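Chains as they are written, first to last, in my numbering: chain A, 1 to 566; chain B, 567 to 1132.
Protein chains: 2
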Amino acid sequence: MSPSLVANADLSPVTSGTVKGRVASVYSELQTSRIDHALPLPSVLKNPFKIVDGPASSAAGNPDEIAKLFPNLFGQPSALLVPNGADAVRSDEKLKIGVVLSGGQAPGGHNVISGIYDYLQDRAKGSVLYGFRGGPAGIMKCKYVELTSNYIYPYRNQGGFDMICSGRDKIETPEQFKQATETAVKLDLDGLVVIGGDDSNTNACLLAEHFRSKNLKTLVMGCPKTIDGDLKCKEVPASFGFDTACKIYAEMIGNVMIDARSTGKYYHFVRLMGRAASHITLECALQTHPNITIIGEEVAAKKQTLKNVTDYIVDIICKRAELGYNYGVILIPEGLIDFIPEVQQLIAELNEILAHEVVDEGGQWKKKLTKQSLQLFEFLPQAIQEQLMLERDPHGNVQVAKIETEKMLIQMVETELENRKQEGVNKGQFKGQSHFFGYEGRCGLPTNFDATYCYALGYGAGALLHSGKTGLISSVGNLAAPVEEWTVSGTALTALMDVERRHGKFKPVIKKAMVELDGAPFKKFVSMRDEWALNNRYISPGPIQFTGPTSGDVNHTLLLELGAQV
Amino acid sequence: MSPSLVANADLSPVTSGTVKGRVASVYSELQTSRIDHALPLPSVLKNPFKIVDGPASSAAGNPDEIAKLFPNLFGQPSALLVPNGADAVRSDEKLKIGVVLSGGQAPGGHNVISGIYDYLQDRAKGSVLYGFRGGPAGIMKCKYVELTSNYIYPYRNQGGFDMICSGRDKIETPEQFKQATETAVKLDLDGLVVIGGDDSNTNACLLAEHFRSKNLKTLVMGCPKTIDGDLKCKEVPASFGFDTACKIYAEMIGNVMIDARSTGKYYHFVRLMGRAASHITLECALQTHPNITIIGEEVAAKKQTLKNVTDYIVDIICKRAELGYNYGVILIPEGLIDFIPEVQQLIAELNEILAHEVVDEGGQWKKKLTKQSLQLFEFLPQAIQEQLMLERDPHGNVQVAKIETEKMLIQMVETELENRKQEGVNKGQFKGQSHFFGYEGRCGLPTNFDATYCYALGYGAGALLHSGKTGLISSVGNLAAPVEEWTVSGTALTALMDVERRHGKFKPVIKKAMVELDGAPFKKFVSMRDEWALNNRYISPGPIQFTGPTSGDVNHTLLLELGAQV
């Protein structure tokens, strides 16, 4: 227990003059210790390999339309790396590769870049890696930095995207494609790795198609990133960052659970980040066993109303009160509001009305609402009504994401409990506490799993580019096995695509992977939730460990989806 | 990286039929691994010891009044444990000891109880330990459980207070003292350990005095608990739980910092638990180096207004904008509002007015406010105005603790930035994100420091009771040294006391230890905050580790107060 504080250790000797991003940084002892954490590689990446092409691919939907949108790429096979069986042939080829981070932060992004860099060092010595700064805008504006060994070093196994930062721009218009092409030509790029979510990988594929159609040599490789966990399929079993983010949230939830049980008087309503999909909420439920968990996809499938959701919560609270429990923990996905058809309807009507009508204090404007929407509006707590009326985005639309669903539910539950008390049905006490866990999870130190997974994704992306592949997404599989046995491949991005009709045109999209109600994680949850509701089966996972017990754990969702027993 | 999920491991074989509190619990792998974590003891506790009394004590203030309030206890010396120098004399005495948890949760409480239990097992075999359930009410109602080896085992090194739960009742009235006396007699108690904060330890001392005045054999020992860190003095260098809670908050703050730097477009306003004192905020600042930290005690000492605080924040935001930084992290203590004299004045006036006046929509009622308070009221964002008017406690008073200071400050900063933009002084972008970190930190797995410190506090309390001491608070010192060298003693609770005049009578109080503006932690902070404001020196401490790097770290506040270099 001797104090060992090196928090102020200045890393400047390590980072040297070339480091821009973190030159002014000071590191905690844990951050410092993680830099040199050695990352295992799948054995196929440790030895000479060759590429084996799979069968011709199709699309996730509407293959004819996808074929039209991607004439140069559609149908290309996936590419699997297998041991060469021969001695290593050292390549003399020197590559120029660019890399970009796109969209929201996810723990592990820096390791993807480290993986690409190390591949080039190991297998194509003398190659150059450029990091485009600030996301896709960096490609369009040709804003980049050369990533050297010194530059990358302090970011190894570190959270955040601050090595080159990210951005939410898309390369969409002909002018923007032209700018991207100019950058590729100017930098003489052999390849580009786009690290992003569903939209960014769609964009990567469009770029790959564009470059090929222009006979550019620049190849494009995607990489699955998002804490939300909604970019995955059979070939791409996980998006990176999900593991770390869920474990950070689960640590907090577990702590709140022990607090709830110790205090005995609060219901904690915890809203969890995760956009449209409820993967994070489901995973956190599997890790911690809350009393109530709302899964948006189930709400949508059952066409539940806000009243249904409220009643479900209140029913359990009343049953728990009978058992003497006036406390509990309730998990709510960020996207819940979006899953409820009646809410979507109300918001659509409000957007229409508020765009054209004057909102009078007397409430005459409400007559424009359909009966069902009016009923719902009146059912909402006043604060939420005001939020719906006042908070608008630049287009004048209601800002659904800003609605604090957890606070809304607390108020609706309070009201319903009061009703039942009047009827003599409920005799319990209720005090709600609201929480939102989001930003805390996006930039944590990556777990050992995310650190290793990302490194393999990056290393594999380098290998695929080196092998002349384009329009693929880096895919690392067999993740329930030891790292040495992980598979490394590239999956045709067109194979993940479907089309959506927008403004009268077909647009390619990688469909978000939502929680599947017949999938193993949800079924596991369903098999246990009634037990969790009334009996307290709280589990507190504790903080992420980097050595010792739990440091090698993988999240439940991934293991269950891979068929492992959890 | 092999999956190692024993999250569902049922502990029932371990906990056996006698376990009540966690009989239904399932443990995470980390929780399980912590149970058997071996705790080192200070060497004085590992060997035969004797008690050396110090000089006669006085009081923290008004010793004459304290002497009158505690005629049987005032002036008693502190008691230091020193090596016996002789062989162990095995005691045949069997003790009956009670223990109670009082007030809010703090990580480590279970270890205090384990320490008491183990002392009795080691040194007074055959003794009995009773745990009073639900706080002091458990003493008054004689609601208790016998704490056996099996009962305690699953709680070792675990967070929470759920072994026997806590409560906020006080033993105050003659009737309540009578009930407590009846319990002591009924259970034939030789001693009672009260684990709590300043109020609870005051109560413990009153109980000790009462028992002695009645010639009861029951001795009473206090124990310093609170995450807020405001129960400490020279003899009691730290309250337990502070170390763990601060590290949990610092993990989250560090993650949010990396997020802020990666995204580059948000100012995160983080409100931190800690009641009246700003120790937690100061410690988190020392651990993470935020751009702006508000310390309530400084605001009070400088008699700052809300406008001053807002201007201080806005000035830095504008300077950062000039440097190209439109992001940052700002820490705010929970008790900030209470430190601002003008706000206290406004609230006092509102309480008075709202108790007697009808609040008219036209705002005529506002004429009752003094000019200064009216000005402040009009300066507040509308949402806060409404909160002040609407949210009342059962006594009709404004609920200051419910005010979301972080959101209030965001709105005030927005307004001021808009003013400056109009004047052409500010050209930056500002987006605020609010956070409140509180409940997440009260029940985490105790750090190695808190686990060890608490165990020594409990073991020492057992030794002091066994030595016939009463009215002391268990005190473990020399905490910057290795555990073997820690000192163990009991400090006279009356020595920590002063009096306050309430309802025309003197009431004894242990004064809350506030952040001292000439103390080492604050001075260290002041020496660095300007640097942190404009240059980003963020440190991300990462999650608490139980093995490996950082697992032996002690918080900065404690080390600085002990004179160590940090």
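Just so you know, even glycine gets a beta-carbon here, dropped at the ideal spot from N, CA and C. All figures in this text were calculated on a predicted structure; none of them were measured in a lab.
Inclusion of B:ILE883 and B:GLY994 in the CB contact set at 9 angstroms is warranted, their separation being smaller than that value. Cβ neighbours of B:LEU942 within its own chain (closer than 6 angstroms, five residues either side excluded): GLU908, LEU912.
Of all alpha-carbon atoms in A:LYS186, A:GLU182, A:GLU322, A:LEU207, the one lying nearest the alpha-carbon of A:VAL193 is that of A:LEU207. Listed in chain order, the alpha helix (DSSP H) runs fully inside the region 287-318 of chain A are 296-301, counting runs of at least 4 residues.
DSSP, reduced to helix, strand and coil, places A:CYS223 within a strand of the structure shown.
Remark: C-beta atoms of A:PRO521 and A:LEU231 do not approach each other more closely than 9 angstroms. Taking 9 angstroms as the CB threshold, A:GLN158 lines the interface with chain B. B:SER1040 is bridged by DSSP to B:GLY1056. Counting along the chain, B:MET978 sits inside the alpha helix (DSSP H) bounded by residues 971-988.
Linking A:ILE227 to B:THR1018 through their CA atoms gives a straight-line distance of about 36 angstroms. In the DSSP assignment, B:VAL648 falls within the beta strand (DSSP E) that extends over 645-649.
DSSP places B:ARG1068 in the strand class (E or B) of the three-state scheme. For the pair B:GLY820 and B:PRO1012, the CB atoms are not nearer than the 9 angstroms cut-off. B:ARG837: member of the beta strand (DSSP E) spanning 833-838, first to last residue. Judged by DSSP secondary structure, B:LEU758 falls within the beta strand (DSSP E) whose first and last residues are 757-762.
Between the beta-carbon of B:ILE663 and that of B:LEU695 there is about 5 angstroms, and that keeps the pair under the 8 angstroms contact cut. Under the three-state reduction of DSSP output, B:LYS616 falls in the strand class.
The region 389-396 of chain A makes contact with the region 353-360 of chain A: 3 or more CB pairs, one atom from each, lie closer than 8 angstroms.
Annotation: the continuous beta strand (DSSP E) that includes A:VAL128 extends over 128-132. Following the DSSP letters along the chain, one finds B:SER680 inside the alpha helix (DSSP H) bounded by residues 675-689. The residues ILE793, GLY795, in chain order, have a CB closer than 6 angstroms to that of B:PHE808 in the same chain once the five nearest residues on each side in sequence are set aside. When C-alpha distances from A:GLU29 are compared across B:LEU1125, B:ALA826, B:GLY1118, the shortest belongs to B:GLY1118.
At a cut-off of 9 angstroms, the C-beta of B:THR829 has a neighbouring C-beta in chain A.
A:ILE330: member of the beta strand (DSSP E) spanning 328-333, first to last residue. Residues of the region 541-556 of chain A with a Cβ closer than 8 angstroms to any Cβ of chain B, in chain order: PRO541, GLY542, PRO543, ILE544, GLN545, PHE546, THR547, GLY548, PRO549, THR550, GLY552, ASP553, VAL554, HIS556. Within the same chain, and ignoring the five residues on either side of A:GLU235 in sequence, the residues whose Cβ sits closer than 6 angstroms to its Cβ are SER475, THR491. A distance below 9 angstroms separates the beta carbons of A:PRO42 and A:ALA456.
Straight-line spacing of the CA atoms in B:PRO702 and B:LEU1059 works out to 18 angstroms. Between B:HIS1001 and A:GLU440, the C-beta spacing is below 9 angstroms. Look at B:MET706: its C-beta is not under 9 angstroms from any C-beta on chain A. The region 163-179 of chain A makes contact with the region 100-119 of chain A: 3 or more CB pairs, one atom from each, lie closer than 8 angstroms. One finds HIS855, ARG1103, TYR1104, ILE1105 in chain B with Cβ atoms closer than 9 angstroms to the Cβ of A:VAL26, taken in chain order.
Rounded to the nearest angstrom, the Cβ distance from A:THR293 to A:VAL413 is 15 angstroms, too far for a contact under 8 angstroms. In this structure, the straight-line span from the alpha carbon of A:ASN203 to that of A:ILE195 is close to 11 angstroms. Distance between B:VAL618 and B:ASN638, taken at the CA atoms: about 20 angstroms. The continuous alpha helix (DSSP H) containing B:VAL751 extends over residues 740-752.
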